[in-house]
Amino acid sequence: MFAIYVGLFIVLLSGGLVIGGLRERKHLRELDEREREYADLPVLNLKTIPNAHEVSKPQMVMGQVVIATDYFKSLATMLRSLVGGEMRAANTLMLRARREATLRMQAHARRRGCNEVHNVRYGASTISQKKGKRGAMQVEMFAWGTAVKRGA
């Protein structure tokens, strides 16, 4: 009976690893495609806008996303936290969240007729479902900045 439970656990864990990896790679490909679409809309972290007299329509734009990773990567990260070292699964999660939030902020700027975003800032928080319970890592990423229209 114990062997059945261990076998089921291994099958579920392996399935989660494969499906989670496929979904993550698909999301990264989609991010690459969308970043090419917004290549003409620069995102800068400058606090002041160069040649500010040439811009119009300054307004705040933002993008927000909540992304979770699969249980396998959460387990790997938990184990890594016991021995120390770089948590690659968490790095990938944060990178995906930051890129997605940036793209959503750029989409917000484009919808408002702007073609540059300045003074971009990021905020992140982790989300846990129940206090003291372990589950999939979830992160919320929030990007905001000042969008402007430069030129005619």
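Here my numbering is used: the first residue of the sequence shown is 1036, the next is one more, and so on.
Quick reminder that beta carbons are idealized off the backbone N, C-alpha and C, glycines included.
When the five nearest sequence neighbours on each side are left out, no beta carbon in the same chain lies closer than 6 Å to the beta carbon of Gly1056. Here Gly1098 is near Ala1178, since their CB atoms are less than 8 Å apart. Inclusion of Gln1141 and Leu1076 in the CB contact set at 8 Å is warranted, their separation being smaller than that value. In the three-state reduction of the DSSP assignment, Thr1161 falls in the strand class. A straight-line Cα-Cα distance of about 9 Å links Ser1160 and Val1101.
In the DSSP secondary-structure assignment, Ala1103 is bridged to Gln1173. Contact check for Phe1107 against Leu1052 passes: the beta carbons are separated by less than 8 Å.
Proximity to Arg1058 across Thr1127, Ala1074 and Lys1092 peaks at Thr1127, based on C-alpha coordinates. Boundaries for Glu1121: no alpha helix (DSSP H) harbours it, and the DSSP string shows neither H nor E there.
A straight-line Cα-Cα distance of about 8 Å links Met1122 and Ser1116. Using a Cβ distance threshold of 8 Å, Val1096 and Lys1184 do not count as a contacting pair. Ala1124 is classed as buried because its beta carbon has at least 16 other beta carbons within 10 Å across all chains shown.
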